[in-house]
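Novice: Next up is a structure, given as structure tokens.
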Amino acid sequence: MRRLLTAALLALAAPAAAQPVAPAVPVALAEYQARRDSLAARLGDGVVVAFGAREPVAIHQSFRQLPGFAYLTSFAEPDAVLVLRLRGGRATGSVFVQVPDARYQLYVGIPADSAAVARETGLARRDVAALRPALDSLARAGVPFHVIRDVGSGDAAGRDTVTLGASFVRDLQRAHPALVVRDAAPALDRLRARKSPAELALLRRAIAATDSAHAAALRAVRPGAVERQVQGAIEAAFVQHGAEGPSFASIVGSGPNATTLHYMRNDRTMRAGEVVVMDVGASFGGYAADVTRTVPVSGRFTPEQRAVYQIVRDAQTAAERAAKVGAPWAAAQAAADSVVARGLARLGLIEGPDAEFDAPWAAQCAASARLCKQFALFLPHGLGHGIGLEVHDPAMYYYDDRTLRDGDVFTIEPGVYVNPDVLKLLPDTPRNRALLARVRPAVERYANTGVRIEDDFLVTTRGLERLSRAPREADEIEAAMARVRGVVP
Ligand code: GLY
Ligand code: MN
Ligand code: MN
Numbered sequence: 002m003r004r005l006l007t008a009a010l011l012a013l014a015a016p017a018a019a020q021p022v023a024p025a026v027p028v029a030l031a032e033y034q035a036r037r038d039s040l041a042a043r044l045g046d047g048v049v050v051a052f053g054a055r056e057p058v059a060i061h062q063s064f065r066q067l068p069g070f071a072y073l074t075s076f077a078e079p080d081a082v083l084v085l086r087l088r089g090g091r092a093t094g095s096v097f098v099q100v101p102d103a104r105y106q107l108y109v110g111i112p113a114d115s116a117a118v119a120r121e122t123g124l125a126r127r128d129v130a131a132l133r134p135a136l137d138s139l140a141r142a143g144v145p146f147h148v149i150r151d152v153g154s155g156d157a158a159g160r161d162t163v164t165l166g167a168s169f170v171r172d173l174q175r176a177h178p179a180l181v182v183r184d185a186a187p188a189l190d191r192l193r194a195r196k197s198p199a200e201l202a203l204l205r206r207a208i209a210a211t212d213s214a215h216a217a218a219l220r221a222v223r224p225g226a227v228e229r230q231v232q233g234a235i236e237a238a239f240v241q242h243g244a245e246g247p248s249f250a251s252i253v254g255s256g257p258n259a260t261t262l263h264y265m266r267n268d269r270t271m272r273a274g275e276v277v278v279m280d281v282g283a284s285f286g287g288y289a290a291d292v293t294r295t296v297p298v299s300g301r302f303t304p305e306q307r308a309v310y311q312i313v314r315d316a317q318t319a320a321e322r323a324a325k326v327g328a329p330w331a332a333a334q335a336a337a338d339s340v341v342a343r344g345l346a347r348l349g350l351i352e353g354p355d356a357e358f359d360a361p362w363a364a365q366c367a368a369s370a371r372l373c374k375q376f377a378l379f380l381p382h383g384l385g386h387g388i389g390l391e392v393h394d395p396a397m398y399y400y401d402d403r404t405l406r407d408g409d410v411f412t413i414e415p416g417v418y419v420n421p422d423v424l425k426l427l428p429d430t431p432r433n434r435a436l437l438a439r440v441r442p443a444v445e446r447y448a449n450t451g452v453r454i455e456d457d458f459l460v461t462t463r464g465l466e467r468l469s470r471a472p473r474e475a476d477e478i479e480a481a482m483a484r485v486r487g488v489v490p
């Protein structure tokens, strides 16, 4: 009887055969045109020059359009430059593209012709050889240029001086010293931050595919599994649920790797008694989900892991309560920080919720006092970020008064990472010596417990909606793991 029951449960838990999935409803051409016109309304008359992603220089790598470019046009060939002429709140323009030579087209496909591009994007297709003469002529006309640079992520924009776009614009400025060149990213980011119904629908599909992938991961996690085997199960589930694949490099970190925020090697064999952090997100119609679950490799949390887990879950709940339309994002961050700080003090990992330390990054503490609180040794990142075409997408609360706006879509992702090596970073000062003497036993006790819990949310005047639904309570995770293993309680 018991064997039969186990077999039945295992059958229930078996990976589903590939099911037909509803295709993504693409963003309509009219919406792209409206986005370009909205940019024109914000920037005033002038020219927009937006650089697309380059053809990868390594052989046989997949191509992914840059998010700013993708927001303005669905055009997805490499090495394209979009030029828009903005007049009276309307944008018209062209994509300039390198036409691959005839024989290479046999390898990479024959590109859409001008008529198809016009039909599909509302833009003229022109040869890249005509780009510089066209821009020279516009520069001579004395109109300002608004540039969208070819950086892969807003996170990297501040450091860029070397991209093709940056050097192209430098050349142009040298040739036209009076040319006014402005960064269009702030205006574009504000537009991208406000999600349309079509974008929200794609985000929901990305998140649903990611929930399914977390269910698949629970079947793949076990002592002896290599992290990338779990990654494979997750990414296979993305595709089975209609997604293109991962929207960012999947993080599957077990044991000590659970404490490295952006661990991506995924090559370690996991062991019983450890936890594994799985921070993953499907890309669906180009839109990124971002959901993290932390689960015990053996299926049951140890008391120490459960204690840390509950602090993180409580911090997430506290942030969710504070996340309301009109509320400052900083209030949600402070709510989560406070729960983590009190929890870590209770476990003896820090001297007190408000205790500070002498930080090796003291200069940065002027900008953010939390960085020099002891709790930030174990929670070094912020509370969350917008999601959209990029996994770190603009959200309206980034702007102006830093409050949450109706329609913001974002993550809430507190964590606690007990990495004993963090203590080695501390400068040798009297205050740090006292801190080390007090917390070392607790750090050893909780060592290598890394927990992050990340969900995706939509806030509206009706309240906060949790869009990701994968099990997240410690008990729910243990029960789900027991079910898929056919363990009868
Ligand atoms: N997956 C990256 C992040 O959570 O921000
Ligand atoms: Mn995230
Ligand atoms: Mn994440």
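Numbering (my numbering), first residue to last: 2 to 490. Just so it is clear, CB atoms sit at the ideal spot from N, CA and C, and this is done for glycine as well.
(1) Near Ile60, which residues of its chain fall below 7 Å by C-beta distance, leaving aside the five closest residues on each side in sequence?
(2) If we count the other Cβ atoms within 10 Å of its Cβ and call it buried at 16 or more, is Glu477 buried or exposed?
(3) Using only alpha-carbon positions, find the residue among Asn258, Val452, Ala25, Val148 that is nearest to Asn267.
(4) Rank Trp362, Glu414, Gly344 by C-alpha distance to the C-alpha of Pro354 and give the top, closest one.
(5) Checking 9 Å against the spacing of the C-beta atoms, do Asp280 and Thr293 come in under that value?
(6) Around the C-beta of His242, are 16 or more other C-beta atoms found within 10 angstroms, so that it is buried, or is it exposed?
(7) Going by DSSP in three states, Tyr108 sits in which element: helix, strand or coil?
(8) Helix or strand or just coil, what does DSSP make of Arg484?
(9) What I want to know is whether the C-beta of Glu228 ends up closer than 8 Å to one or more non-hydrogen atoms of ligand 1.
(10) Using a threshold of 9 Å, state whether the C-beta atoms of Gly389 and Pro68 are closer than that.
(11) Which class does Glu56 belong to by DSSP, given the choice of helix, strand or coil?
(12) Cβ-heavy atom distance between Asp291 and ligand 3 below 8 Å?
(13) Would you mind stating whether Ala360 and Leu372 have Cβ atoms separated by less than 9 Å?
(14) Leaving out five residues on either side along the sequence, give the residues of the same chain with a beta carbon under 8 Å from the beta carbon of Asp1.
(15) Given this structure, state the Cα-to-Cα distance separating Pro187 from Ala443, to the nearest angstrom.
(16) For Phe358 and Leu427, which I take to be in contact (beta-carbon distance under 8 Å), what is that distance rounded to the nearest angstrom?
(17) Checking 9 Å against the spacing of the C-beta atoms, do Val248 and Tyr288 come in under that value?
(18) Give a single yes or no on whether Glu391 has its beta carbon closer than 8 Å to a heavy atom of ligand 3.
(19) Any heavy atom of ligand 3 inside 8 Å of the beta-carbon of Asp280?
(20) Cβ of Glu455 versus every heavy atom of ligand 1: is any distance shorter than 8 Å?
(21) I want to know whether the region 127 to 144 touches the region 37 to 51 - three or more CB-CB distances under 8 Å.
(22) Looking only at its chain, what residues have a beta carbon closer than 8 Å to the beta carbon of Arg441, apart from the 5 residues adjacent to it on each side?
(23) Put Tyr399 into one of helix, strand or coil per three-state DSSP.
(24) Please state whether the Cβ-Cβ distance between Gln375 and Ile351 is less than 9 Å.
(25) Cα-Cα, which of Asp80, Glu121, Ala25 is closest to Ala31?
(26) Along the chain, where does the alpha helix (DSSP H) containing Gly45 start, and where does it finish?
(27) Check whether the region 403 to 423 and the region 452 to 467 are in contact - that is, three or more C-beta pairs closer than 8 Å.
(28) Could you have a look at Thr450 and say whether DSSP puts it in helix, strand or coil?
(29) So who's on the other strand from Ile351, going by DSSP bridges?
(30) Suppose contacts are defined by Cβ-Cβ distances below 9 Å. Is Ser284 in contact with Glu245 by that definition?
Specialist: In short:
(1) Excluding sequence neighbours, Ile60 sits near nothing in its chain.
(2) For Glu477, the number of other beta carbons within 10 angstroms of its own is below 16, and it is reported as exposed.
(3) Asn267 has its Cα closest to that of Asn258, out of Asn258, Val452, Ala25, Val148.
(4) It is Gly344 whose Cα lies nearest to the Cα of Pro354.
(5) A distance below 9 Å separates the beta carbons of Asp280 and Thr293.
(6) Under this definition His242 is a buried residue.
(7) Of the three classes helix, strand and coil, the one that applies to Tyr108 here is helix, per DSSP.
(8) Three-state result, Arg484: helix.
(9) Because no heavy atom of ligand 1 lies under 8 Å away, the Cβ of Glu228 does not count as near it: no.
(10) Contact: yes.
(11) Of the three classes helix, strand and coil, the one that applies to Glu56 here is coil, per DSSP.
(12) At least one heavy atom of ligand 3 sits closer than 8 Å to the Cβ of Asp291.
(13) Against a cut-off of 9 Å, the Cβ pair of Leu372 and Ala360 comes out as a contact.
(14) Since the displayed the chain opens at 2 and closes at 490, residue 1 lies outside it and no answer follows.
(15) Pairing Pro187 with Ala443, the inter-Cα distance amounts to about 45 Å.
(16) Sure, about 7 Å apart at Cβ, within 8 Å.
(17) Looking at the sequence shown, residue 248 is not Val but Ser. Taking 9 Å as the Cβ cut-off, Ser248 and Tyr288 qualify as a contacting pair.
(18) It does not: the Cβ of Glu391 is nowhere closer than 8 Å to a heavy atom of ligand 3.
(19) Within the cutoff, so yes.
(20) Relative to ligand 1, the beta carbon of Glu455 is positioned inside 8 Å of a heavy atom.
(21) When C-beta atoms of the region 127 to 144 are compared with those of the region 37 to 51, three or more pairs fall below 8 Å, so the two segments count as touching.
(22) Contacts found: Leu424.
(23) In the three-state reduction of the DSSP assignment, Tyr399 falls in the helix class.
(24) Cβ atoms of Gln375 and Ile351: closer than 9 Å.
(25) Closest option to Ala31, judged by alpha-carbon separation, among Asp80, Glu121, Ala25: Glu121.
(26) In this chain, Gly45 is not harboured by any alpha helix (DSSP H), its DSSP state being neither H nor E.
(27) With a cut-off of 8 Å, the region 452 to 467 and the region 403 to 423 count as touching, because enough Cβ pairs lie within range.
(28) Note: Thr450 maps to coil in three-state DSSP.
(29) Answer by DSSP bridge pairing: none, since Ile351 is not bridged.
(30) When the beta-carbon positions are compared, Ser284 and Glu245 come within less than 9 Å of each other.
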